[in-house]
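K.L.:
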Amino acid sequence: MLQIKNIAGGYQRRNIIENLSFIVEKGEMFGILGPNGSGKTTLLKMIGGLIPVRSGTIELEGKPLQAYSAKQLARKIASLPQNNTQMFDYTVWETVALGRYPFQRGFLKRLTYEDEQVIQQVMEFTNVTKLKHLSIKHLSGGEKQRVFLAQALAQNPSLLLLDEPTNHLDITYQKMLLDQLKKWTKSHGLTVVSIFHDINLASLYCDKMLLLKNGQSVLIDDPNAVLNEKTIHHVYDVSAIKQSHPEIARPQMMLSPEHKHDEKKVFTKGDVIQTKELIYVKAASPLKTLSSAVVGGGFGWHRHFVNRHVSTDDHVSGSQTEMINFLLDNGFSPNETIGMLTSSYVEDGVVEEWEEEGISIIIVVTASISHGADASKNMEKHEHVRAINTWMFINGHLSDQAFIEGMVTATEAKTKALFDEGIIDSATGSSAAEASMDSVLLAATQTGSLHHHAGTGATLGKLIAKGVYESTVKAIQNNKQRWTIND
Amino acid sequence: MQKRFTRMYSNNKHVVAYMVTVCFLVFSIFLGVSIGTFPISFFDILQMIGDALFHMGGNGSVDENTQNIVMSIRLPRVILAGLVGASLALAGASFQGLLQNPLADPYTLGVSSGASLGAVFVLFFGIHIPFFGFFTLPVASILTGFMTIIFVIFFAGMIDKAMRIETIVLTGIIMSSFLGALISFMIAMSGEELRQIVNWLLGSVSMRGWVYVMMLLPFFVVGSLLILANGTELNALAFGEEKAHQLGVNVKKRKLLILTSASILAGAAVAISGTIGFVGLVVPHLNRLLWGNDYRHLLPLSALFGAGFLILADLVSRTIMSPTELPIGVITALIGAPSFAFILMKQRMERRG
C-alpha cells in the first residue's frame with residue numbers, strides 16, 4: 004500500500020526526517036509515536052505530499068507520490084489535521100461536501116447523485132447527519148472533529164492520515180473516533196496512518212507502530228514489541244512499567260509520579276482495632292492489596308479494611324450491595340475499603356505481629372469453626388457456614404509474583420492448621436481443605452525493601468507460613484473455647 | 057427523503073437569494089437612470105427598453121431629448137458604476153477567501169493604492185504604450201496593483217509566518233501610505249497634468265461615457281469569469297492552504313489564478329474610477345451574512361449586489377448636495393467605515409469566545 008524508502012526531508016535547509024524506511028499494508032492501522040520534535044508531523048506531511056521529499060522515495064500503490072496530480076492524490080489520501088481553523092462559517096453539509104472536490108469536473112462543479120450518496124453515507128457513519136444545517140462554528144470540539152472526519156472520508160480515500168486525532172477530545176469521543184476508524188479499516192479496507200501522543204491508546208488500536216526519535220526510526224513493530232520498558236525509556240526518557248490490559252491482549256505502559264512514596268508510615272499491630280462487631284483498620288496511606296473479599300476483591304489499592312460480624316442468617320443473604328451500604332453507613336468509603344464478612348465473633352480474632360530479619364508482618368485471623376464442628380448434628384446443610392478470614396499486612400515492597408506466592412503460602416499454612424486442629428468438612432466428611440466462605444487479604448505498604456518472592460523458600464514466605472499457621476491455630480482454639488463455654 | 061429535502065432547502069435558499077439580488081440591481085438601475093436634475097419616469101424608461109428591443113433604431117414615443125440624456129449620460133454612468141461595483145465586490149470576496157482574512161479588500165490590502173500609483177504614473181508621464189492604445193491606463197493599473205498585492209503578501213509572510221489577519225492589513229496600510237506619498241510627490245511635481253490627475257484621483261464614474269465602459273468591459277469579463285470558475289477552490293482555501301491541498305486543490309496554480317484575476321478586476325476598476333474604498337469589504341460581508349459563505353453563490357451574488365450598491369452610492373453622491381457632486385468614495389466610506397468597525401468588533405468578540 005505505502006512504501007517508504009530511505010526518505011529525508013524537512014523545512015528550509017534542515018532535514019528533520021532522515022533515512023527512514025517502512026511499509027504500511029492495506030487495511031492496517033499504523034501508529035507514529037515519538038517525543039515532541041521527533042518529526043512525526045513532518046513525516047505525515049511528507050506522506051501527504053505537503054512537504055517535498057529531498058531524497059528517497061514514497062510509493063503509494065506502487066506509484067511514486069510525485070506521479071499523482073493534486074486531484075488524483077486527494078482521491079487516494081485524505082488527512083485529518085490536528086486543528087482545523089476557518090475564518091468563514093460553513094454549514095456541516097457544505098463542509099462535508101467539499102470532500103467530493105477531487106471527483107468534480109467542469110466549470111460549475113455540480114454534485115452528482117453519487118456524490119450526494121457518499122456524503123449522506125459518511126455523515127451517517129460519523130453520526131453528524133443531524134447537524135447538517137448547523138454552522139461548524141457552533142459545534143463542540145468533538146462534533147467538529149467528526150465533521151472533518153466525514154469530509155476526509157467523503158474523499159473515499161484508500162489512505163487516511165491523522166495527526167493526533169484525539170487531541171482536545173474527551174475520552175468518549177476519543178474512543179468513538181478510534182472505534183469508528185477501526186471499523187472502517189475492516190469494512191472498507193481503509194489504511195490509517197496516525198500520529199499518537201498517547202502510547203496506551205495507540206497500543207489498543209494500532210496493528211503496527213513506528214517509534215521516532217530525532218527524525219529517525221527506533222523501532223517498527225507490533226504494540227507488544229514497541230511497548231517495552233527499555234525502548235520507552237530510551238525514546239521518551241521516562242520510566243514506565245509495562246502491564247497487560249485487563250481485557251484484551253494489548254500492553255499498556257504505567258507511569259509513576261516522582262513523589263509516590265511520601266507520607267508513608269510503617270504499619271503496626273496498633274493500627275488494627277477490634278470491637279464487638281468489627282475488626283477494622285484505617286491506614287494513613289493506601290496499601291497495595293490482593294484479596295478475595297466481598298468488597299474490593301482482586302488487585303487494588305485500599306486504605307480501609309473491615310471484617311464484619313454477621314449472624315449466620317445475615318451471612319447467607321449478605322450481598323455485596325448490603326455490605327456497601329453497611330460500609331457507607333459506618334463512614335467507610337467503598338472505593339477505598341476492603342470489606343469481608345464473618346459469622347465468627349470478631350472479638351475472638353487474633354491480631355499478631357511477626358518480625359524476622361527486618362521484615363515485619365501483621366496477621367489478623369478470625370475463625371468460625373464451631374458451626375462446622377456442630378454441623379454433623381445439624382440437618383440443614385446450607386446453613387453450615389464456616390469462615391476463616393486471614394489478613395496479612397506487610398511492611399515491604401512486593402512484586403506481583405510475591406503477592407501470588409504469598410497467597411499460596413498463606414493458604415497452605417491455613418490448611419495445615421485446620422488439619423492439625425482436626426477440622427472436618429461437614430459436607431464430605433473428609434478433612435476440611437478450605438472453608439467455603441474463606442477470604443484472604445494480602446496487603447503491602449510497597450515501601451522499603453523489595454521482595455520478589457514470598458514462597459516458603461524466601462524469608463518473607465517463611466514468616467507468612469509461620470504467622471498464618473500459628474494465628475489460625477490460635478483463632479480456632481479461641482472459637483472452640485467459646486462454644487465449650489456456651490455448651 | 058431527507059436528501060431531497062436538503063437539496064430543495066439549499067436550492068430554494070439560493071433561488072430566493074438570486075431573485076432578491078437581481079430585483080435589487082434592476083431597481084437600482086431604474087433609480088439611477090430615473091433620478092437627476094432632469095427626472096425621467098420609470099414609464100419612459102420601460103418604453104425606451106421596449107423600443108430598443110422591438111423597433112431597433114426606430115423613433116419611439118419618448119422624446120429625443122430624454123433619449124439623449126439616458127443614452128449618453130445616465131445609462132453609461134449607471135453601467136460603469138455597476139461594473140466597478142461588481143469588480144470591487146468580486147475582488148474583495150476573493151481576496152478574503154484566498155487569505156482567509158475577513159478584513160481583506162482591494163483597499164485595505166493596498167491594491168487600490170498600487171493601481172492608483174500606476175495610473176498617476178501613466179498620466180504624469182503622459183505614457184502611451186503603442187500596442188495597448190487607450191488600454192494603457194488600465195493595464196498599468198492592473199500591473200502595479202498586482203505587484204502591490206504580491207509585495208504585501210511576501211512582506212507579511214516574512215515578518216509573520218502565520219500571516220495573521222492584522223499583519224496583512226497593517227502591511228497593506230503601510231503600503232498604502234507609502235504609495236500615497238509617492239502619488240503626492242508626483243502631484244507636487246506635476247504642472248500641466250495636475251488637473252487631469254486630481255480629477256481622476258477624486259474617483260468618480262461621472263462624465264466617463266461609453267468609452268470607459270468599453271475600456272473596463274474586457275477586463276471585467278475575463279476577471280470575473282476566472283474568479284467565478286474558482287468558487288469551489290475558494291471554498292477549500294477558506295479552510296487553509298494545507299487543507300485545500302489535502303482536498304485536491306492545486307494550491308499554487310489556483311492561488312496565482314485567483315490573485316491575478318482579482319488584481320485584474322481591482323486594477324481595472326481603479327483605473328476607471330479612482331480609489332473607491334470599502335465596497336470590496338462591505339458587500340461580500342453583507343452577502344455572507346444573508347446567504348452564507350459558499351463561494352459558488354457568494355461570488356455571483358456579491359457581484360450583482362455590488363453593482364446595485366455602487367449605482368445607488370453614485371446616485372446619492374450626485375443628488376444629495378445637488379448641484380454639487382460629491383466624490384463617490386465619500387459615500388462608500390461613510391457606509392463602509394462603520395461596517396468595517398462592526399466586522400472587526402464582531403470578530404474580536406468571537407475570538408474571545
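Chains A and B, in that order, give the protein sequences.
Just so we're aligned, residue 4 is where the first sequence starts under the working numbering, counting upward by one.
Just so we're aligned, residue 57 is where the second sequence starts under the working numbering, counting upward by one.
Every residue, glycine too, gets a C-beta built ideally from N, C-alpha and C.
None of these values were measured; they are calculated from a predicted model.
Of the residues that make up the region 120–132 of chain A, which ones have a beta carbon closer than 7 Å to any beta carbon in chain B?
P.N.:
Correct list: 123.
K.L.:
Would you say residue 101 of chain A reaches chain B, if we count a Cβ-Cβ gap shorter than 7 Å as a contact?
P.N.:
Yes - at least one Cβ of chain B is within 7 Å of the one on residue 101 of chain A.
K.L.:
Can you tell me whether DSSP reads residue 207 of chain B as helix, strand or coil?
P.N.:
Helix.
K.L.:
Flag this pair as touching only if the region 221–235 of chain A and the region 45–65 of chain A have three or more C-beta atom pairs under 8 Å; answer yes or no.
P.N.:
The region 221–235 of chain A is not in contact with the region 45–65 of chain A.
K.L.:
My assumption, with CB atoms under 8 Å, is that residue 391 of chain B sits in contact with residue 338 of chain B. Please give the rounded CB distance.
P.N.:
Contact flag correct, Cβ pair sits at about 7 Å.
K.L.:
Could you give the distance in angstroms between the alpha-carbon of residue 196 of chain A and the alpha-carbon of residue 187 of chain A?
P.N.:
Looking at the two C-alpha atoms, the distance is approximately 13 Å.
K.L.:
State the Cα-Cα distance for the pair residue 26 of chain A and residue 152 of chain B, rounded to the nearest angstrom.
P.N.:
Rounded to whole angstroms, residue 26 of chain A to residue 152 of chain B spans 41 Å at the Cα level.
K.L.:
How would you call residue 256 of chain A, buried or exposed, if buried means at least 16 neighbouring beta carbons within 10 angstroms?
P.N.:
Counting Cβ neighbours within 10 Å, residue 256 of chain A comes out buried, since at least 16 surround it.
K.L.:
Between which two residues does the beta strand (DSSP E) containing residue 213 of chain A stretch?
P.N.:
Where residue 213 of chain A is concerned, the enclosing beta strand (DSSP E) stretches over 211–216.
K.L.:
Answer yes or no: do residue 169 of chain B and residue 232 of chain B have a C-beta to C-beta separation smaller than 7 Å?
P.N.:
Contact: yes.
K.L.:
Assuming residue 506 of chain A is part of the beta strand (DSSP E), what are its boundary residues?
P.N.:
A question about residue 506 of chain A goes unanswered here, because the residues of chain A that appear run from 4 up to 490.
K.L.:
Give me the subset of the region 331–346 of chain A whose CB atoms are less than 9 Å from a CB atom of chain B, sorted by chain position.
P.N.:
Listed by position, the residues of the region 331–346 of chain A near chain B (Cβ gap below 9 Å) amount to none.
K.L.:
Within the continuous beta strand (DSSP E) that includes residue 161 of chain B, where are the two ends?
P.N.:
Looking at the DSSP string, residue 161 of chain B is not in any beta strand (DSSP E), and its letter there is neither H nor E.
K.L.:
At the 7 Å Cβ level, is residue 122 of chain B part of the contact set with chain C, yes or no?
P.N.:
Among the chains of the structure shown, chain C does not appear; the protein chains present are A and B.
K.L.:
So, for residue 380 of chain A: in the same chain, excluding its five sequence neighbours on each side, which residues have a beta-carbon less than 8 Å away from its beta-carbon?
P.N.:
Residue placement at residue 380 of chain A is poorly supported in this model, since its pLDDT is 44, which falls under 50; the coordinates are not used for a value here.
K.L.:
Output the distance between the C-alpha atoms of residue 141 of chain B and residue 362 of chain B, rounded to the nearest integer angstrom.
P.N.:
Going by the C-alpha atoms only, they are around 5 Å apart.
K.L.:
In chain B, which residues lie less than 9 Å from residue 118 of chain A when you measure between Cβ atoms?
P.N.:
The premise fails here: residue 118 of chain A is roughly 11 Å from chain B at the closest Cβ pair, so nothing lies under 9 Å.
K.L.:
Flag this pair as yes or no: are the beta carbons of residue 459 of chain A and residue 412 of chain A separated by less than 7 Å?
P.N.:
Cβ atoms of residue 459 of chain A and residue 412 of chain A: closer than 7 Å.
K.L.:
Let me know if residue 57 of chain B comes out buried or exposed under the rule of 16 or more other beta-carbons within 10 Å of its beta-carbon.
P.N.:
Low confidence applies to residue 57 of chain B: its pLDDT is 39, below 50, so where it sits in the model is not reliable, and the reading given next is rough at best. When all chains shown are included, residue 57 of chain B counts as exposed.
K.L.:
Taking only beta carbons into account, state which residues of the region 43–56 of chain A come closer than 9 Å to chain B, listed in chain order.
P.N.:
Flagged, chain order: 48, 51, 52, 53.
K.L.:
Among residues of its own chain, excluding the 5 on either side of residue 353 of chain A, which ones have a beta-carbon nearer than 6 Å to its beta-carbon?
P.N.:
368, 474, 477, 478.
K.L.:
What does the alpha-carbon distance come out to for the pair residue 342 of chain A and residue 298 of chain A?
P.N.:
Using only the alpha carbons, I get a separation of about 5 Å.
K.L.:
Buried or exposed for residue 61 of chain B, going by 16 or more other Cβ atoms inside 10 Å?
P.N.:
Below a pLDDT of 50, predicted positions are generally treated as unreliable, and residue 61 of chain B, at 45, falls in that range; no measurement from the model is reported.
K.L.:
Mind checking who residue 8 of chain A pairs with in its DSSP beta bridge?
P.N.:
According to DSSP, which records beta bridges pairwise, residue 8 of chain A is partnered with A:60.
K.L.:
Report buried or exposed for residue 378 of chain A, applying the criterion of at least 16 other Cβ atoms within 10 angstroms of its Cβ.
P.N.:
The predicted position of residue 378 of chain A is uncertain, since its pLDDT is 42 and thus under 50; a value taken from the coordinates is nonetheless stated next. Buried, because 16 or more other Cβ atoms sit within 10 Å of the Cβ of residue 378 of chain A.
K.L.:
DSSP puts residue 34 of chain A in a beta bridge; with which residues?
P.N.:
In DSSP, residue 34 of chain A forms a bridge with A:197, A:212.
K.L.:
With a threshold of 7 Å between beta-carbons, can residue 28 of chain A be considered close to chain B, or not?
P.N.:
Chain B contact via Cβ: absent.
K.L.:
How big is the Cα-Cα spacing for residue 245 of chain B and residue 174 of chain B?
P.N.:
Those two C-alpha atoms are separated by around 16 Å.
K.L.:
Return the residues of the region 158–188 of chain B that lie within a Cβ-Cβ distance of less than 7 Å from chain A, sorted by chain order.
P.N.:
Residues passing the 7 Å Cβ filter: 158.
K.L.:
Can you name the residues of chain A whose CB is closer than 8 Å to the CB of residue 292 of chain B?
P.N.:
Within chain A, the residues near residue 292 of chain B are 101, 104.
K.L.:
Is it buried or exposed for residue 147 of chain A, if we count other Cβ within 10 angstroms and need 16 for buried?
P.N.:
Residue 147 of chain A should be labelled buried.
K.L.:
Hey, does residue 227 of chain B have any beta-carbon neighbour from chain A nearer than 7 Å?
P.N.:
Not one chain A Cβ lies under 7 Å of residue 227 of chain B.
K.L.:
Which residues bound the beta strand (DSSP E) around residue 397 of chain A?
P.N.:
390–398 is the span of the beta strand (DSSP E), which, as asked, contains residue 397 of chain A.
K.L.:
Just confirm the distance between the C-beta atoms of residue 265 of chain B and residue 132 of chain B, as a whole number of angstroms; I'd bet it's less than 8 Å.
P.N.:
Between residue 132 of chain B and residue 265 of chain B the Cβ distance is about 5 Å, and since that is below 8 Å, they are a contact.
K.L.:
Tell me the DSSP secondary structure of residue 280 of chain B in three-state form.
P.N.:
Residue 280 of chain B: helix per DSSP, three-state reduction.
K.L.:
Express the C-alpha separation of residue 175 of chain A and residue 145 of chain A in angstroms, rounding to a whole number.
P.N.:
Each residue's alpha carbon lies about 9 Å from the other.
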